[in-house]
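Numbering (my numbering), first residue to last: 155 to 333. Quick reminder that beta carbons are idealized off the backbone N, C-alpha and C, glycines included. Fair warning: this is a prediction, and the values are worked out from it, not measured in the lab. What follows is a short report on a single structure.
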Ligand code: SF4
Ligand code: SF4
């Protein structure tokens with residue numbers, strides 16, 4: 155995937171997303187550790203430059219729902235990437251929702267939530283809709299990335315898209331959507 159507006163492998167901690175309370179109890183340190191477990195969603199959604207794996211297709215090294223067959227020697231891009239659920243506990247584990255979330259803080263936007271589709275139709279579902287609304291209410295733009303590569307940008311009500319930004323978005327082939 156070619157993304158000029160945003161880099162998709164940047165790490166970002168999103169403090170608003172992390173509630174310190176869960177069902178009436180204070181979370182302990184171990185509660186805050188998220189592991190991929192059986193999730194392999196980003197092995198489908200994301201491009202891996204080093205092995206020329208395109209976005210939106212399963213990596214040939216992936217044992218779907220199990221893990222990476224070349225884990226010890228996996229490319230640096232794979233080692234570095236963490237979805238938002240892993241980084242901050244935001245949202246739900248991507249193999250359950252079929253959507254990989256990633257907050258971006260560098261690029262044309264101060265903050266942007268990327269939502270990558272891991273299974274066709276996931277971006278039209280209730281979960282993704284709720285995440286999108288939550289972000290737009292917090293004045294954070296949201297970008298959907300469909301499996302077939304189409305990207306759609308949703309902007310908060312108060313967000314002003316400057317001419318420069320609009321031109322950049324257009325050049326990138328990103329569709330700006332009205333809600
Ligand atoms: S999408 Fe997140 S939880 Fe799933 S394998 Fe990738 S980094 Fe791990
Ligand atoms: S090399 Fe391993 S971690 Fe990287 S995309 Fe392929 S299966 Fe996933």
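- Residue 286 sits buried, since 16 or more C-beta atoms from the chains shown fall within 10 Å of its C-beta.
- As computed with DSSP, residue 197 is found in no beta bridge at all.
- Residue environment for residue 225: exposed (fewer than 16 other C-beta atoms within 10 angstroms of its C-beta).
- Residue 270 carries a strand assignment under DSSP once its states are collapsed to helix, strand and coil.
- Of the candidates 198, 203, 227 and 221, the residue whose Cα lies closest to the Cα of residue 213 is 198.
- Collapsing the DSSP output to three states places residue 244 in coil.
- The C-beta separation of residue 333 from residue 297 comes to about 14 Å, leaving the pair out of contact by the 8 Å criterion.
- Under the Cβ criterion (8 Å, minimum of three pairs), the stretch 306–313 does not count as touching the stretch 218–232.
- Pairing residue 190 with residue 292, the inter-Cα distance amounts to about 27 Å.
- Counting C-beta atoms within 10 angstroms of its own C-beta, residue 194 has 16 or more neighbours from the protein chains shown and is therefore classed as buried.
- Between residue 267 and residue 289, the CB-CB gap stays under 7 Å.
- By a beta-carbon distance limit of 8 Å, residue 188 contacts residue 239. Their separation comes to about 6 Å.
- Taking a contact as a CB-CB distance under 8 Å, the pair residue 271 and residue 253 counts as one, their CB atoms being some 6 Å apart.
- Of the candidates 278, 301 and 241, 241 places its Cα closest to the Cα of residue 258.
- For residue 245, the number of other beta carbons within 10 angstroms of its own is at least 16, and it is reported as buried.
- Those residues having their beta-carbon less than 5 Å away from any non-hydrogen atom of ligand 1 are, in chain order, 190, 193, 195, 196, 237, 240, 248 and 254.
- Closest by C-alpha distance to residue 299, out of 227, 228, 319 and 275, is 275.
- Around the beta carbon of residue 234, fewer than 16 other beta carbons sit within 10 angstroms, so the residue counts as exposed.
- Proximity to residue 319 across 301, 249, 303 and 264 peaks at 264, based on C-alpha coordinates.
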